[in-house]
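Working notes, structure below.
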Amino acid sequence: MNKPSRAIEADPQIGARRMIVGGRVQGVGFRPFVYRTALRFGLAGWVRNSAGKVLLHVEGRAADIQRFERVLTSEPPPLARPRLEVSSAADIEGARDFHILASEAAGGTDIHLPPDLFCCDDCLAELQDPAQRRFGYPFTNCTQCGPRYTIIAALPYDRPSTAMAGFTLCPRCRAEYQNPLDRRFHAQPLACPDCGPQLTFRGGERPATGTLALSATIDVLRRGGVVAVRGVGGYHLMCDPQDDAAVMRLRQRKHRPDKPLAVMFPQAGADGLDAVRRCVILDDAEAQAGADPARPIVLARRRADCPLSHALAPGLAELGVFLPYSPLHHLLLARFQGPLVATSGNISGEPVITDEAEAGRRLAQVADGFLHHNRPILRPADDSVVRVIAGTSRPVRLGRGLAPLEIDLPEAFAEPTLAVGGHMKGAIALGWDRRAVISPHIGDLESPRSLEVFEQVIADLAALYGVTPRRIVCDAHRGYASSRWARTQGAPVTWVQHHAAHASALAGERPEVARWLVFTWDGAGLGDDGDLWGGEALVGAPGAWRRAASLRRFRLTGGDRAGREPWRSAASLMWEAGYDWSPTTEGAALAAEAWRKRVGAVHTSSVGRLFDAAASLVLGFDVATF
Ligand SMILES: [Zn+2]
Ligand SMILES: [Zn+2]
């Protein structure tokens with residue numbers, strides 16, 4: 012360490028400041044940004060990660076420090092969300108240079124976990140430039156892009172604690188990793204064709220690797236086949252969306268007759284959405300959502316002249332569309348020269364499959380080929396789905412790119428709390444201090460694998476954020492797998508009525524509103540009186556809801572099957588209204604008998620069941636497949 016000269020110490024213009032920066036500053040290139048900014052203003056000192064925040068010390072001319080401090084929060088890297096929490100005068104240490112110091116171990120509770128990111132423009136340009144050493148390399152990334160949540164084993168976010176631990180950097184990558192002025196400085200997933208993950212295609216006579224693996228994949232897709240492609244947060248099942256037979260083949264094999272399939276389009280044009288616009292109509296908000304670095308699936312209106320198969324979303328006027336988010340997807344779409352179906356590689360309703368061996372085993376009957384890679388996926392993250400409602404993009408499913416979703420709360424939790432969510436389309440949330448974190452979509456908690464992932468996500472989030480839940484919140488329905496799990500954990504459990512939770516979630520978005528009237532209309536949730544609610548009007552505020560009104564209840568038989576068999580709702584309503592009506596459906600006679608004798612019948616005010624009844628009576632849909 013150099014000693015400061017007397018002249019500097021005596022100069023009243025020279026000062027030192029210590030700053031703590033919170034917010035999203037890990038895994039987004041914030042420390043290199045601090046380094047470059049310090050150099051820009053001729054400042055000496057150091058920066059390091061510390062308990063989820065960035066701690067830094069700068070010294071130099073007071074005016075330069077002021078400018079540095081301003082730039083720190085006004086010009087951060089695109090993915091960073093810095094918050095200057097402390098800035099105080101410090102003793103001059105006499106530093107001559109600026110250094111990035113090793114991270115201090117995590118342990119604080121102000122940890123911010125970056126979600127998985129898209130492939131940035133700089134990396135995309137490299138990927139497409141034959142003069143670059145990463146030309147055509149599917150695992151190209153930098154501090155501004157690439158996977159995060161799905162590869163982080165533990166925090167602080169350093170390479171040995173990621174899925175990249177097993178890949179030793181080659182000399183050229185190491186030089187980039189160590190150069191603070193390189194855009195790959197400390198990019199933890201950094202890789203190149205010499206030292207990084209590789210592709211393998213299985214499905215032909217012998218496995219193919221590298222570009223041959225890509226070619227083999229394209230061959231299968233061109234022939235109308237289905238390929239399971241390992242991506243960032245799990246496997247996709249891909250096929251040609253213009254080929255009716257290919258789409259139907261995928262549907263039959265996946266036992267998914269009607270549920271819409273998302274389509275991934277090549278990135279083209281100024282905002283990347285030119286190819287998307289040939290198939291769907293995007294308003295400004297939808298275009299903005301589609302071009303977002305989170306790269307969600309956006310639900311948009313299908314164009315009348317859309318050339319894609321109608322089997323993608325039977326009977327629906329919209330289509331789920333999204334842009335490629337990993338270099339591998341860019342390469343696949345460029346070679347295929349058109350869009351591709353990209354639907355979750357899973358068994359219906361379960362979490363997306365992440366493991367190579369499991370994919371080979373469980374998707375064997377679905378896929379004609381497998382495009383694997385050897386970068387481990389530490390936890391599943393399905394694609395996010397958003398819909399624009401009243402001009403605002405709203406998540407229908409939180410997943411890769413958006414989750415874990417971190418929320419600042421107006422009030423603090425009394426104790427660290429885990430909320431375990433519903434039974435279908437499950438997700439969990441962790442709350443502590445004035446923060447809440449929502450996990451990616453897990454899936455329907457109907458199978459052993461779903462429950463396994465459910466438990467893994469809970470353990471994972473608790474460990475990553477360093478939070479031990481002291482209380483568990485679950486749905487009042489004791490039959491939900493999540494509620495059953497909550498009861499076995501030994502922690503105090505708080506039961507929340509389903510629609511009270513819906514109303515509170517809404518109220519949470521507008522803390523300035525003190526007293527609410529909320530219409531909670533949905534499928535069904537267990538009510539305080541044991542009936543199945545779903546058409547309620549609640550008055551009050553979070554923690555103090557009162558049911559002010561409700562739709563007229565009707566007697567419904569069939570239990571859980573009623574949700575999957577709309578004819579049951581139709582028949583029950585007809586009988587309730589006094590019509591002597593017998594549906595032609597199998598089991599109708601038994602249902603009629605049960606309804607008359609009130610066997611296995613519940614009373615429900617569910618709006619969802621009214622929709623079901625209308626779908627059955629008006630449209631003739633007697634069975635719902637999703
Ligand atoms: Zn990049
Ligand atoms: Zn390398």
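Taking my numbering, the leading residue of the sequence shown gets 12, the next gets one more, and so forth.
Note that the Cβ used here is the ideal one computed from N, Cα and C, for glycine as well.
Checking 8 Å against the spacing of the C-beta atoms, do residue i and residue j come in under that value?
{"i": "Arg92", "j": "Gly34", "result": "yes"}
{"i": "Gly26", "j": "Ala73", "result": "yes"}
{"i": "Arg306", "j": "Phe196", "result": "no"}
{"i": "Arg572", "j": "Arg579", "result": "yes"}
{"i": "Arg446", "j": "Leu420", "result": "yes"}
{"i": "Phe577", "j": "Ala624", "result": "Looking at the sequence provided, one finds Pro at residue 577 rather than Phe. Against a cut-off of 8 Å, the Cβ pair of Ala624 and Pro577 comes out as a contact."}
{"i": "Pro88", "j": "Phe44", "result": "yes"}
{"i": "Pro338", "j": "Cys134", "result": "yes"}
{"i": "Ala90", "j": "Thr48", "result": "Rather than Ala, the amino acid found at residue 90 in this sequence is Leu. In this structure, Thr48 does not lie closer than 8 Å to Leu90 by Cβ."}
{"i": "Val65", "j": "Arg29", "result": "no"}
{"i": "Cys206", "j": "Cys181", "result": "yes"}
{"i": "Gly454", "j": "Pro362", "result": "yes"}
{"i": "Gly619", "j": "Asp539", "result": "no"}
{"i": "Arg145", "j": "Cys203", "result": "yes"}
{"i": "Arg59", "j": "Ser114", "result": "yes"}
{"i": "Pro167", "j": "Tyr46", "result": "no"}
{"i": "Leu646", "j": "Leu323", "result": "Residue 646 falls outside the range modelled here, since the chain spans only 12 to 637, and no answer is possible."}
{"i": "His6", "j": "Val36", "result": "Residue 6 lies beyond the stretch modelled for the chain, which goes from 12 to 637, so this question has no answer here."}
{"i": "Met275", "j": "Leu201", "result": "no"}
{"i": "Ala581", "j": "Leu628", "result": "yes"}
Whose C-beta lies closer than 6 Å to the C-beta of residue i among residues of the same chain, with five residues either side of it excluded?
{"i": "Ser226", "result": "none"}
{"i": "Gly536", "result": "His509, His510, Trp544"}
{"i": "Arg495", "result": "none"}
{"i": "Trp586", "result": "Trp606"}
{"i": "Phe622", "result": "none"}
Can you give the beta carbon distance from residue i to residue j, rounded, assuming they're within the 8 Å contact cut?
{"i": "Ala487", "j": "Trp506", "result": "5 Å"}
{"i": "Arg313", "j": "Glu329", "result": "6 Å"}
{"i": "Ser616", "j": "Gly546", "result": "4 Å"}
{"i": "Leu638", "j": "Pro149", "result": "The structure shown does not extend to residue 638, since the chain spans only 12 to 637, so no value can be given for it."}
{"i": "Val431", "j": "Ser359", "result": "Contact doesn't hold; Cβ gap of about 22 Å is too wide."}
{"i": "His434", "j": "Tyr491", "result": "4 Å"}
{"i": "Leu319", "j": "Gln253", "result": "6 Å"}
For residue i, which residues from the same chain have a beta carbon less than 8 Å from its beta carbon, with the 5 sequence-adjacent residues on both sides left out?
{"i": "Pro503", "result": "Arg481, Arg482, Ile483"}
{"i": "Ala164", "result": "Ser172, Thr173, Ala174, Ala176, Leu389"}
{"i": "Thr220", "result": "Gln209, Leu210, Thr211, Phe212"}
{"i": "Ala296", "result": "Val399, Gly402, Thr403, Ser404"}
{"i": "Leu293", "result": "Leu284, Val287, Gly301, Val309, Ala311"}
{"i": "Gln189", "result": "Phe196"}
{"i": "Ser16", "result": "Note on Ser16: pLDDT 45, under 50, position unreliable in the model; no value is reported."}
{"i": "Leu374", "result": "Ala239, Tyr246, Leu248, Gly356, Ile364, Phe381"}
{"i": "Asp140", "result": "Phe146"}
{"i": "Ala559", "result": "Leu528, Ala548, Leu549, Val550"}
{"i": "Arg557", "result": "Leu549, Val550, Gly551"}
Go ahead and pull the three-state DSSP assignment for residue i.
{"i": "Val507", "result": "strand"}
{"i": "Phe381", "result": "strand"}
{"i": "Leu351", "result": "strand"}
{"i": "Cys156", "result": "strand"}
{"i": "Ile19", "result": "Residue placement at Ile19 is flagged as unreliable, the pLDDT there being 47, under the threshold of 50; the coordinate-derived value follows with that caveat. The answer is helix: DSSP assigns Ile19 an H, G or I state."}
{"i": "Val363", "result": "coil"}
{"i": "Asn13", "result": "The pLDDT assigned to Asn13 is 43, lower than 50, so where the model puts this residue is not dependable; a value taken from the coordinates is nonetheless given after this. The answer is coil: DSSP assigns Asn13 none of H, G, I, E or B."}
{"i": "Gly326", "result": "coil"}
{"i": "Asp419", "result": "strand"}
{"i": "Gly147", "result": "coil"}
{"i": "Ser395", "result": "coil"}
{"i": "Met175", "result": "coil"}
{"i": "Leu310", "result": "strand"}
{"i": "Leu630", "result": "helix"}
{"i": "Thr568", "result": "strand"}
{"i": "His197", "result": "coil"}
{"i": "Gly34", "result": "strand"}
{"i": "Glu587", "result": "helix"}
{"i": "Leu621", "result": "helix"}
{"i": "Ala514", "result": "helix"}
What does a CB cutoff of less than 7 Å around residue i pick up in its chain, not counting 5 residues either side in sequence?
{"i": "Ala18", "result": "Because Ala18 carries a pLDDT of 43, less than 50, the predicted location of this residue cannot be relied on, and the following value inherits that uncertainty. Excluding residues within five positions, none has a Cβ falling inside 7 Å."}
{"i": "His664", "result": "Residue 664 is absent from the model: the chain starts at 12 and stops at 637."}
{"i": "Val478", "result": "Thr120, Pro427, Leu441, Trp443"}
{"i": "Asp269", "result": "Pro325, Thr636, Phe637"}
{"i": "Ala423", "result": "Asp444, Arg445"}
Whole beta strand (DSSP E) elements within the segment 232-290, 3-residue minimum
238-241, 246-250
Give, in chain order, every unbroken run of the beta strand (DSSP E) that is at least 3 residues long and sits entirely within the segment 428-479.
428-430, 440-443, 446-449
Which ranges does the beta strand (DSSP E) cover as unbroken runs of at least 3 residues, wholly within the segment 73-121, from first to last along the chain?
92-100, 109-111
Uninterrupted beta strand (DSSP E) stretches inside the segment 518-566 (no shorter than 3 residues)
527-537, 543-552, 555-561
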